[in-house]
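Residue numbers for the sequence shown, in our numbering: 161 to 515. Notes follow once the structure below has been shown.
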Amino acid sequence: MVKLEGIHKTFGKVKAVDGVNLQVKKGEMLCLLGPSGCGKTTLLRILSGFEQPEEGKIIMSDKDVTKLPPDKRPTSLVFQSYALFPHMTVYENIAYGLRVKKIPSKEIQKLVIDALEMVGLSGLEERSIRQLSGGQQQRVALARGLVMKPAVLLLDEPLSNLDAKLRVETRIQIRDLQRTLGITSIFVTHDQEEALTISDRIAVMNKGKIIQIGTPEEIYNHPNSEFVADFIGKSNILDGSYKSDMDGKANFVLSNSTISIQILPVENIGDQPRLILRPEQIQISEEVNTNPQVNCLPAIVEHITFLGEMIYYHVRLENDARLLVPVYYASTRRYKEGDQIYISWDINAGKILVK
Ligand SMILES: Nc1ncnc2c1ncn2[C@@H]1O[C@H](COP(=O)(O)OP(=O)(O)O)[C@@H](O)[C@H]1O
Ligand SMILES: [Mg+2]
Numbered sequence: 161m162v163k164l165e166g167i168h169k170t171f172g173k174v175k176a177v178d179g180v181n182l183q184v185k186k187g188e189m190l191c192l193l194g195p196s197g198c199g200k201t202t203l204l205r206i207l208s209g210f211e212q213p214e215e216g217k218i219i220m221s222d223k224d225v226t227k228l229p230p231d232k233r234p235t236s237l238v239f240q241s242y243a244l245f246p247h248m249t250v251y252e253n254i255a256y257g258l259r260v261k262k263i264p265s266k267e268i269q270k271l272v273i274d275a276l277e278m279v280g281l282s283g284l285e286e287r288s289i290r291q292l293s294g295g296q297q298q299r300v301a302l303a304r305g306l307v308m309k310p311a312v313l314l315l316d317e318p319l320s321n322l323d324a325k326l327r328v329e330t331r332i333q334i335r336d337l338q339r340t341l342g343i344t345s346i347f348v349t350h351d352q353e354e355a356l357t358i359s360d361r362i363a364v365m366n367k368g369k370i371i372q373i374g375t376p377e378e379i380y381n382h383p384n385s386e387f388v389a390d391f392i393g394k395s396n397i398l399d400g401s402y403k404s405d406m407d408g409k410a411n412f413v414l415s416n417s418t419i420s421i422q423i424l425p426v427e428n429i430g431d432q433p434r435l436i437l438r439p440e441q442i443q444i445s446e447e448v449n450t451n452p453q454v455n456c457l458p459a460i461v462e463h464i465t466f467l468g469e470m471i472y473y474h475v476r477l478e479n480d481a482r483l484l485v486p487v488y489y490a491s492t493r494r495y496k497e498g499d500q501i502y503i504s505w506d507i508n509a510g511k512i513l514v515k
């Protein structure tokens, strides 16, 4: 449905978008996820035609739209700031784009009423924008995008101005609506949880480049780099060296120690392999775990963070490496700072990052 080929865009010395290739399938919800300044907004503006790339091609529904202005593209862009007209009513805001396209008033009325119903704002037609809450304004902005019946809906951090609870509710509604309408969407966010919960696929960006693209589970379980492992979810990342032996087994020996961890064998190991362990895969116990399928190491509880439903134990290994071990508050006994404990994890759980 959407295809980007070799897109480059620089502002002065800044490579805002640095050779992006991307394909989005029909009906798919794709998230562009990355830290602030990595080029997400620029890429959306290039898709919508508000910005011209220096190099590259943009195809939508098999048509080359690279040179087309925004109003000739099958896209609607929902801005981070909403960009609503504050002096106009809800109705007039949503109708605006249709009027520009010279759609007859009768038809506009029906389309606006439908769009308002989709976003759950029926009855607020005559309100002025100033009389709406942030969440309602966000929905007007969404309705204004949807009313144009775009083939591709582009959303630039549409939830970032909402408070935490409303953000969670609204993202579910947007996802439901997107699925129901089957509308191809590109959703920009810097919030990894948002990306994991609403996407069919996620494209992780850094410094103008796409670092990895995949389903939320692929990205979470098989990050291709330290950047992705660290940006998505929490990670324990350990330094060491890789040792494989004859009978298809492998070990990872932690730096500055003789601590040897069983891992699954890896091919093409680079110079500086690192072991990543998702915190939730680690268990904490008083007793040593002798199951041969797990790694078990002694550690000391160095610091404890209480988060309500969870407790984060920050533990230190014998080589001074630090790991985070989250535990549900209700699930186990509690430990104190300074306690000598054991941590263990399934030998399949550790993943080697190959540089
Ligand atoms: N109009 C512009 N003029 C100069 N630099 C810009 C402009 N737009 C974006 N940039 C720069 O390009 C980079 C990417 O910006 P942006 O696409 O807004 O990132 P994101 O949306 O991921 O936060 C940043 O370094 C930003 O400062
Ligand atoms: Mg942005």
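All C-beta atoms, glycine included, are put in the ideal place defined by N, C-alpha and C.
If you compare alpha carbons, which of the options is closest to residue i?
i	options	result
S414	I436, G280, I268, D506	In the sequence as displayed, the identity of residue 414 is Leu instead of Ser. Measuring from the Cα of L414, the nearest candidate turns out to be I436.
E215	G408, K227, K232, V184	K227
E165	C198, K175, I218	I218
P213	T357, S221, G199	G199
K163	V485, K394, V312	V312
I334	Q352, I362, N366, A301	A301
L207	V184, G283, G194, Q443	V184
R339	I358, E353, D351, Q453	I358
D351	I429, R327, E440	R327
G430	I370, I512, N253, S504	I512
E497	K173, I263, Y473, S385	Y473
P310	I379, Q296, T344, E277	T344
Y495	T465, V514, E469, N508	T465
I501	P264, I444, S196	I444
G510	Q453, A324, Q240, I332	Q453
Q441	V364, L244, N381, E427	N381
H463	L477, L204, L457, M406	L477
Could you tell me which residues DSSP pairs with residue i in its beta bridges?
i	result
I464	Y473
P234	None; P234 has no bridge partner.
H247	According to DSSP, which records beta bridges pairwise, H247 is partnered with nothing at all.
E317	Paired residues: none, contrary to the question.
F239	According to DSSP, F239 bridges with nothing at all.
E165	K217
I373	A363
Y402	F412
L437	N396
P458	Y502
Y488	M470
L483	V475
For residue i, report the span of its beta strand (DSSP E) as first-last.
i	result
M365	361-366
E354	From DSSP, E354 is part of no beta strand (DSSP E) but of the alpha helix (DSSP H) over 352-358.
S395	S395 -> no beta strand (DSSP E), and no H or E assigned at all.
M189	189-193
Q443	443-445
M220	215-220
V413	410-414
Q212	Note, Q212: premise wrong, no beta strand (DSSP E); not H, not E.
K175	174-184
S504	500-506
I289	It is not in any beta strand (DSSP E) - I289 carries neither H nor E in the DSSP assignment.
P310	P310 -> no beta strand (DSSP E), and no H or E assigned at all.
T346	Residue 346 is actually Ile in this sequence, not Thr. Where I346 is concerned, the enclosing beta strand (DSSP E) stretches over 344-349.
S420	420-423
Would a check of beta-carbon distances place residue i closer than 8 Å to chain D?
i	result
D480	Looking for chain D here will not work: only one protein chain is present.
Looking only at its own chain, which residues have a Cβ that is under 6 Å from the Cβ of residue i, when we skip the five neighbours before and after it?
i	result
G257	M308
G342	G187
L356	P376
I421	F412, N455
L315	V238, F347
P383	A389
L483	N396, V475
Terminal residues of the continuous alpha helix (DSSP H) containing residue i?
i	result
R259	250-260
M278	265-278
R328	Here the sequence assigns Val to residue 328, which means Arg is not the residue at that position. 324-341 is the extent of the alpha helix (DSSP H) around V328.
R304	294-306
D390	386-391
Y380	376-381
I206	200-208
Can you name, in chain order, every residue of its own chain whose Cβ lies under 8 Å from the Cβ of residue i, other than the five neighbours on each side?
i	result
P246	S288, I289, R290
P425	S404, G408, K409, A410
L401	Per the sequence shown, the amino acid found at residue 401 is Ser instead of Leu. Excluding residues within five positions, the ones whose Cβ falls inside 8 Å are F412, V413, S415, P433.
M248	Y256, S288, I289
Q298	Y242, P318, L319, N321, L322, T330
L292	V250, L284, V300
N479	L414, S415, N416, S417, I419
L244	N253, I289, Q297, V300, A301, R304
Under 7 Å Cβ to Cβ from residue i, same chain only, skipping five residues before and after it: list those, please.
i	result
K209	Note that residue 209 corresponds to Gly in the displayed sequence, not to Lys. Correct list, in chain order: L228, P229, P230, R233.
K175	G368
A275	I254, A303, L306, V307
K169	A176, V177, T202, I206, E211, P213, E214
Y488	E469, M470
Between residue i and ligand 4, is there a pair consisting of the residue's CB and a ligand heavy atom that are separated by less than 7 Å?
i	result
D316	Of the ligands one can find in the structure shown, namely ligand 1 and ligand 2, none is ligand 4.
Distance cut 5 Å, beta-carbon to ligand 1 heavy atom: residue list by chain order: That gives F171, V174, A176, S196, G197, C198, G199, K200, T201, T202.
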